[in-house]
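Quick note on this note's numbering: the sequence shown kicks off at 668 and runs consecutively. The beta-carbon is built from N, C-alpha and C at its ideal position, and this holds for glycine as well. Take a look at the structure below.
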Amino acid sequence: MTITQAGALHVVATPIGNLGDLTVRAREVLASVDAICAEDTRHTRQLLGALGIERPLLALHEHNEADIAWKLVERLKAGESLALVSDAGTPLVSDPGYRLVREVRAAGLRVVPVPGACAAIAALSVAGVPSDRFCFEGFLPAKSGARRERLAELAREPRTLVFYESSHRIEESLADLVAVFGPEREAVLARELTKLFETVLGDTLADLVERVAADENQRKGEFVLVVRGCEDDQEARLIEGQRIYAKLAEHLKPSVAARLAADLSGAPRKALYGG
């Protein structure tokens, strides 16, 4: 079987930490394509160096993707084979690439998946929470107000939720999750997956807040947060009612806002407004 295809874009998953997780097929594809499109060419050059591979690298990131996608399509039309990689894991999962893939497909050219590591799936596989249905949300907004607003929209989601988070926002994001989802919501925090200092902590959101605050090491690295969905229909109605009430109360009398929010959400009016 041919390793690479002329005129095709190969979307290649790379390790999220442990180099041993690179598949044999991925290694062969990276060594065989005419050029590799990389989110950060410096990072990818280090990976290729560790693998003993030398290939031309092309920078493709969120700031230039829309401008150079057509140029890459022209190279594919000319018969070249290209690979697309991100800094780690599966491209397009909270990483650039979808615009290029759309352009390639729109041109009638082949896009070939070369699957492998993905931090979201790795975390979900060890979290021990329902995984038959889940919702990947990527990174939450950086500012607390926007973050809480987004979480309020997700609070009654019945599917398991998967988030990415960075070291400098993990404490604040966990605090906002407690404030919006409640302290007892089951959650698992996976840190530095497949790397030397990998940890997987699980219990409730309140427990995670305490454990991260108590251990400086748990505030370092890259994080995947897996949160169990809302299973209590009554709780879901109350959460939605509170979200709607907060919006309406900005413009209406509290009693009127509570009545409308209760009608829209099914939550008890007295639970929204005690008057």
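Between the C-alpha atoms of residue 725 and residue 777 there is a straight-line separation of about 19 Å. Residues 670 of the same chain have their beta carbon placed closer than 7 Å to that of residue 695, with the five preceding and five following residues left out of the count.
Considered as a whole, the segment 780-833 harbours 801-806, 827-832 as its complete beta strand (DSSP E) runs of no fewer than 3 residues, in chain order. Taking the CA atoms as reference points, residue 719 sits about 29 Å from residue 730. A straight-line Cα-Cα distance of about 39 Å links residue 709 and residue 853.
Looking at the DSSP output, residue 870 shares a beta bridge with 854. Using a Cβ distance threshold of 8 Å, residue 706 and residue 748 do not count as a contacting pair.
With a cut-off of 8 Å on Cβ pairs, the segment 791-801 is not in contact with the segment 809-822, counting fewer than three such pairs.
A residue is called buried when at least 16 other Cβ atoms come within 10 angstroms of its Cβ; residue 883 does not meet this threshold and is exposed. Taking C-beta atoms as the reference points, residue 841 and residue 894 fail to come closer than 8 Å. Put simply, the backbone Cα of residue 875 is about 14 Å away from that of residue 832.
At a Cβ-Cβ threshold of 8 Å, residue 693 and residue 681 count as neighbours. Note on residue 934: 16 or more other CB atoms within 10 angstroms of its CB, so buried under the neighbour-count rule. Contact annotation: residue 866 and residue 859 have beta-carbon atoms nearer than 8 Å. For residue 710, the three-state secondary structure derived from DSSP is helix. Exposed is the label assigned to residue 923, since fewer than 16 other Cβ atoms lie within 10 Å of its Cβ. Taking the Cα of residue 784 as reference, the smallest distance to any Cα among 758, 834, 774 is reached at 758.
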